[in-house]
Amino acid sequence: MALARMSNVNLNRRLLCGKQRPTLRRANSVKPVCAQAGSVNVLLVGNGGREHSLAWRMSQSDSTKQVYVAPGNPGTEAEEKVTNVALNTSKHSDVVQFCKEKGVHLVVVGPEAPLVAGLADDLAMADIPCWGPSAKAAQLEGSKAFMKDILKKYNIPTAVYEKFVDPDMAKDFIKGLGANVVVKTSGLAAGKGVLIPQNLEEAFAAVDDLMVKKIFGDAGDQIIVEEFLDGEEASFFALVNGEESIAMAAAQDHKAVLEGDTGPNTGGMGSYSPASIVTPEISKQVMDEIVYRTARGMAAEGHPFRGTLFAGLMIKDGRAKLLEHNVRFGDPECQTLMARTQGDFTEALLQAATGRMQDVQLAYKQDAGLTVVVAANGYPGSYPKGSVIKGTDTVSGAKVFHAGTALNANGELISAGGRVLNVTATGNDVVEAQANAYKGCSQIQWADAYYRKDIGWKDVARFKGARV
């Protein structure tokens, strides 16, 4: 077993009052929670594949008593110790009241929007531990302009950029920088507000799409234009509380809809972990130059970060630059990480959320993990909904996480989104994990299914001795 952090404390130890070492209270800290094994109630916010995988992993934690998921999906409801709840999470007072009524010890927020809206702040006011940053700290994802300014101020390696509220000024900047640019919404666009033009004409059109045509709504009121970084992308995750950070396992995500990483970008068509491109040397560089500098910078700005810091990397010639930060677990990377995670994950997040980072344990299977996203045919364009899906509960050799599913009037499982299912498997190596995941996909009966057939292809090629 590979340990992300060494400790003499047993992975399955109980959380007992008075046993922890003293910890420095921060402005965004809450009172430590004392709980024995089997007594922690968790509220998980979200309804996608990421949230299903988190609920599944936390339900297996020794410390967990009950996981409530708001609103959840048919997959979360089927897990042991997991209950879906009809809770309006946009009404924070309702969330606080629910936590008090159910004796919730920890709230874990899956998607970014509730964090940007300040859910963690209102929970902190009620002294309820939350794994997720304050609204001001969540600007690292909620505003790319804010994020890029933090990177510049604290000397974090990233692409040259400028921010614009005027489309003509953006186009003038592009003329000077050349066609090799990336155009992004500053605001949230569900992971889709990034356009990569191939020439000047497409670059100008990208500016108009975001700022004039408003294809992503108000998210394009301000845009970022930055130099295009070439290399290989990877996803790096760390648990952060103030200036303390602990690295998690790295992964790689496939954004493009078609084989060979071609075609339009999506919310993610698959992922695998570990990612061989993230060497121990690169991991150290990322922690030293990106994660720690970001954490210290946010603390210095008066917005200390507490939650999962997701660093989207571009790696070239043994060095990583930051493409962007997200303030939560990635999707579908989270599904792959949860398949490899061992030990009491609920306990780890509870300790991190209450300022006991020195006691956090993260352990991973040495096995590789791989997730295939099964989408509705036509995604990310128009796609059908409502078609019946069968076989998800009898898949062998893989775990099926629900992402965009619902139940019809007859109680049948149906598609209800673009990315509908995540089929996740592990194996002794990436080749075996890939084979197991695709075997799982083949056991699902769904007429409208589409999925890439090459998830993990880069590391599969490396494993077989080919150059990528």
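Residues in the sequence shown are numbered from 1 upward in steps of one, following full-length UniProt numbering. No residue lacks a Cβ here, since even glycine has one placed at the ideal position from N, Cα and C.
CA-CA distance, Q361 and E347?
-> 9 Å
Best match in P71, V109 and E80 for proximity to N88 [C-alpha to C-alpha] = P71
Hey, is the stretch 412 to 431 in contact with the stretch 380 to 398, meaning 3+ C-beta pairs nearer than 8 Å?
-> yes
7 Å Cβ cutoff met for residue 469 and N436 = This structure does not reach residue 469, given that the chain is present from 1 up to 468, and the question cannot be answered.
Around the Cβ of V165, are there at least 16 other Cβ atoms within 10 angstroms (buried) or fewer (exposed)?
-> exposed
For the beta strand (DSSP E) containing Q285, list its first residue and its last residue.
-> Careful: Q285 lies outside any beta strand (DSSP E), inside the alpha helix (DSSP H) at P280 to V286.
Flag this pair as yes or no: are the beta carbons of D121 and S134 separated by less than 7 Å?
-> yes
So what's E259 in DSSP terms, helix, strand or just coil?
-> coil
Locate the alpha helix (DSSP H) running through K144, then write down its first and last residues.
-> K144 to K153
Which residue comes first and which comes last in the beta strand (DSSP E) that contains N436?
-> Here N436 belongs to no beta strand (DSSP E); instead the alpha helix (DSSP H) covers V430 to S442.
7 Å Cβ shell around G231 - same chain, five flanking residues per side excluded = M314, I315 and K316
Could you please give the first and the last residue of the uninterrupted beta strand (DSSP E) stretch that includes P71?
-> T64 to P71
Close Cβ partners of A416 (< 8 Å) along its chain, the five nearest in sequence each way excluded | K385, G386, G404, T405 and A406
Straight-line CA distance for R419 to Y379?
-> 8 Å
Please name the residue in H254, Q60 and V181 whose C-alpha comes closest to that of E227.
-> V181
Could you say which of V45, V160, A449 and V96 lies nearest to residue 472 if we only look at CA atoms?
-> A question about residue 472 goes unanswered here, because the residues of the chain that appear run from 1 up to 468.
Leaving aside the five residues before and after M338 along the sequence, list all residues of the same chain whose C-beta is less than 6 Å from its C-beta, in chain order.
-> S53 and R57
With 16 as the cutoff for other CB atoms within 10 Å, does M1 come out buried or exposed?
-> Low per-residue confidence applies at M1: pLDDT is 33, beneath 50, and the placement is therefore not dependable, though the value from the model is reported in the following sentence. Its Cβ having fewer than 16 others within 10 Å, M1 is exposed.
Verify whether the separation of the beta carbon atoms of A449 and H303 is less than 7 Å.
-> no
If I'm right that V423 touches V468 with Cβ under 8 Å, what's the distance once you round it to whole angstroms?
-> About 24 Å; that fails the 8 Å criterion.
Taking H402 and N84 to be in contact with their CB atoms under 8 Å, please state how far apart those CB atoms are, rounded to whole angstroms.
-> Actually they are not in contact, since the Cβ atoms of H402 and N84 sit about 11 Å apart, beyond 8 Å.
Mind checking which residues open and close the beta strand (DSSP E) that includes A425?
-> R419 to G427
Could you tell me the boundaries of the alpha helix (DSSP H) in which R50 lies?
-> G49 to S59
Taking the alpha carbon of G456 as the point to measure from, which residue in A363, I282, A376 and P332 has its own alpha carbon closest?
-> P332
Pull up the DSSP beta-bridge partners for K163, would you.
-> I224
Mapping DSSP to helix, strand and coil, what is Y364?
-> strand
Under the three-state DSSP convention, the category R340 falls into | helix
So, are the CB atoms of R328 and G369 less than 7 Å apart?
-> no
For N377, collect the residues of the same chain with a Cβ closer than 8 Å to its Cβ; drop the 5 residues on either side in sequence, then sort them by chain order.
-> Y383, P384, D448, A449 and Y450
Any idea if T394 is buried or exposed, counting beta-carbon neighbours within 10 angstroms, 16 or more meaning buried?
-> exposed
Cβ neighbour criterion (16 or more within 10 Å) applied to S442 = exposed
Could you tell me which of G427, F237 and S63 sits nearest to S283, measuring between CA atoms?
-> F237
Is K390 helix, strand or coil when you go by DSSP?
-> strand
Determine the direct distance from the alpha carbon of Q60 to that of R50, and round the result to whole angstroms.
-> 16 Å
Helix, strand or coil at Q445 according to DSSP, with G and I counted as helix = strand
Taking the alpha-carbon positions, what's the D454 to P111 distance?
-> 27 Å
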